[in-house]
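One structure is given below, encoded as structure tokens.
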Amino acid sequence: PASGAATRMFKSLFEFVNEGKRGADIDKLIENVDKFAFGKKLRELLPADATDEQTVAAIIKEGLAYGSKPKGLILFHSYGDEARTAIEEHLVEGAQYAACDGKVAIHFTVSPEHIEGFRSLLEGVVAKYEERFGVKYDISFSVQKSSTDTVAVNPDNTPFRNDDGTLLFRPAGHGALIANLDEIVADVIFIKNIDNVTTDARRGATVLYKKALAGLLVEIQERAFGALKELREGASAMRTAEIAQMIEEELCTKLPDEWTPELLIELLDRPIRVCGMVRNDGEPGGGPFWVEGKRGECALQIAESSQISPEDAPMMSGATHFNPVDLVCAPARYDGTKFDLTKYTDPATGFISSKSKDGRELRAQELPGLWNGAMADWTTIFVDVPLATFSPVKVVNDLLRPEHQ
Numbered sequence: 111p112a113s114g115a116a117t118r119m120f121k122s123l124f125e126f127v128n129e130g131k132r133g134a135d136i137d138k139l140i141e142n143v144d145k146f147a148f149g150k151k152l153r154e155l156l157p158a159d160a161t162d163e164q165t166v167a168a169i170i171k172e173g174l175a176y177g178s179k180p181k182g183l184i185l186f187h188s189y190g191d192e193a194r195t196a197i198e199e200h201l202v203e204g205a206q207y208a209a210c211d212g213k214v215a216i217h218f219t220v221s222p223e224h225i226e227g228f229r230s231l232l233e234g235v236v237a238k239y240e241e242r243f244g245v246k247y248d249i250s251f252s253v254q255k256s257s258t259d260t261v262a263v264n265p266d267n268t269p270f271r272n273d274d275g276t277l278l279f280r281p282a283g284h285g286a287l288i289a290n291l292d293e294i295v296a297d298v299i300f301i302k303n304i305d306n307v308t309t310d311a312r313r314g315a316t317v318l319y320k321k322a323l324a325g326l327l328v329e330i331q332e333r334a335f336g337a338l339k340e341l342r343e344g345a346s347a348m349r350t351a352e353i354a355q356m357i358e359e360e361l362c363t364k365l366p367d368e369w370t371p372e373l374l375i376e377l378l379d380r381p382i383r384v385c386g387m388v389r390n391d392g393e394p395g396g397g398p399f400w401v402e403g404k405r406g407e408c409a410l411q412i413a414e415s416s417q418i419s420p421e422d423a424p425m426m427s428g429a430t431h432f433n434p435v436d437l438v439c440a441p442a443r444y445d446g447t448k449f450d451l452t453k454y455t456d457p458a459t460g461f462i463s464s465k466s467k468d469g470r471e472l473r474a475q476e477l478p479g480l481w482n483g484a485m486a487d488w489t490t491i492f493v494d495v496p497l498a499t500f501s502p503v504k505v506v507n508d509l510l511r512p513e514h515q
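Under the numbering used here, read the sequence shown as residues 111 to 515, first letter to last.
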């Protein structure tokens, strides 16, 4: 997913330029501006005696115009004379664990207004990375369907209006992308956020654990498919009971007291995902939980804080792990055909999220999240992965952290 605008990433910069609010984060940015990968390019755009206001404005408005660009097109990392955008780091990363017969297939979901920007950037750099890693890239794009957009509101639930008085329609969250995911033909699909990348020197753990998650996925898939074949061919009562135990112990689904072979078949014949989870150190994001299903079974789900009622908030804050969006998915059936992924969602799990536009707070109605309710009926396995695999950039000063320097 790469369609998200970087508005929240630069929220404090907009507040400084538009409202004169100056906090410690602005001081830190100004003091370290040359440590950013975009620092050199920024200096070229500014006069030598540029004020702090001019410097910040050149980052988000005329100049770099990062305030209106998606994160994928922002320079993240510097390597001497070379600086890489987030999308380039995904090309580098993909070459190290997702190559198949020398081909690396990467699919980006983007906003319509930015698709040409992505294409233009990639046209200028793909050949360089193909030569460097000895691979060929198969890069494709799709756009989130505008028919799923929702009207934004102010914190008091009155309609949020743009400067020209028009209503603001926002994409209904990454949950709308389940339709885009459903159109991808592949045996294994890796999913991660566009801003979760790190530098060459620190990527080793990410590559290692991506391979481990994929290996576990294939192993689990083979066991599930084998058990499904046995049940369809009429397994004995003893073998059926063993398969039920396997579903509980290995596929992490607690069966109701009165289960049937038909329920076992249903639980085995569905998409599978293995999700890396990192230790909870206070980063924002959802977490791994047990959720009771419609038939009395309990299965693993990724729940966001906005899905959990206030009285249950201690469950979220006290969770040992949280979701870094590190998924490896198997969308194919045991007979080689493809699941219709839109049939494995829970439409009742939509939620309201807090966002901002040009520094103004707003509330947005979102569809069930892509890795939340949109995958509610998938077989889900959680794996503890090291924090070194998680390097998000939620605000611009995150780029000053060691994992981005």
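No residue lacks a Cβ here, since even glycine has one placed at the ideal position from N, Cα and C.
Check                                                                                                        : Outcome
One or two residues paired with S188 in a DSSP bridge                                                        : A193
When V435, W400 and G406 are compared against I418, the one with the closest alpha-carbon                    : W400
6 Å CB neighbourhood of V236 in its chain, flanking five on each side removed                                : Y247
Under the three-state DSSP convention, the category I288 falls into                                          : helix
Alpha-carbon spacing of K150 relative to D159, whole angstroms                                               : 15 Å
Coil, strand or helix - F270 by DSSP                                                                         : coil
Touching by the beta-carbon criterion (3+ pairs, under 8 Å), the stretch 499-512 and the stretch 127-139     : yes
Bounding residues of the alpha helix (DSSP H) (the contiguous stretch that carries A237)                     : I225 to F243
Contact set for I225: own chain, Cβ-Cβ below 8 Å, skip 5 residues either direction                           : F251 and V253
Residue nearest to A440 in terms of C-alpha spacing, selected from E129, F432 and D450                       : D450
Nearest to F518 (by Cα), restricted to the options G130, N128, G173 and F126                                 : Only positions 111 to 515 of the chain appear in the structure, and residue 518 is not among them; the question remains open.
Proximity below 8 Å, CB of P180 to CB of A115                                                                : yes
Cα-Cα separation, V245 to A413                                                                               : 37 Å
Cβ neighbours of E320 in the same chain (closer than 7 Å, five flanking residues each side left out)         : What sits at residue 320 in the sequence shown is Lys, not Glu. Excluding sequence neighbours, K320 sits near Y207 and F300.
Where T316 falls, given that 16 or more other Cβ within 10 Å makes a residue buried                          : buried
Beta-ladder partner(s) of D508, from DSSP                                                                    : BP columns for D508 are empty, so no partner.
Beta-bridge partners of Q475, as assigned by DSSP                                                            : I462
Contacting residues, own chain, Cβ-Cβ under 7 Å from W369 (five flanking each side not counted)              : A354
Start-end ranges of the beta strand (DSSP E) lying completely within the stretch 201-225, minimum 3 residues : 213-220
Integer-rounded CB distance, given that L183 should sit under 8 Å from E120                                  : Strictly speaking, residue 120 in this sequence is Phe, with Glu absent from that position. Not really, about 13 Å apart at Cβ, beyond 8 Å.
Exposed unless 16 or more other CB atoms sit within 10 angstroms - verdict on T219                           : buried
Inter-residue spacing [alpha-carbon to alpha-carbon] between T117 and I170                                   : 9 Å
Reference N303; option with closest CA among D162, N433 and K448                                             : N433
Nearest neighbour of T258, chosen from A282, L365 and E163 [CA to CA]                                        : A282
For E199 and H217, believed in contact at Cβ under 8 Å, the rounded distance                                 : Not confirmed; about 16 Å, so no contact.
Simplified DSSP assignment, three categories, for T276                                                       : coil
First and last residue of the uninterrupted beta strand (DSSP E) at G386                                     : I382 to R389
Length of the line joining the Cα atoms of D391 and R511                                                     : 15 Å
Backbone secondary structure at Q355 - three-state DSSP                                                      : helix
Coarse secondary structure for P424, derived from DSSP in three states                                       : helix
Reduced DSSP secondary structure (H/G/I, E/B, other) of E402                                                 : strand
Every unbroken beta strand (DSSP E) inside the stretch 137-188 [3 residues or more]                          : none
Endpoints, alpha helix (DSSP H) assigned at V127                                                             : K121 to E129
Distance, V503 Cα to N306 Cα                                                                                 : 7 Å
F251 - DSSP class collapsed to helix/strand/coil                                                             : strand
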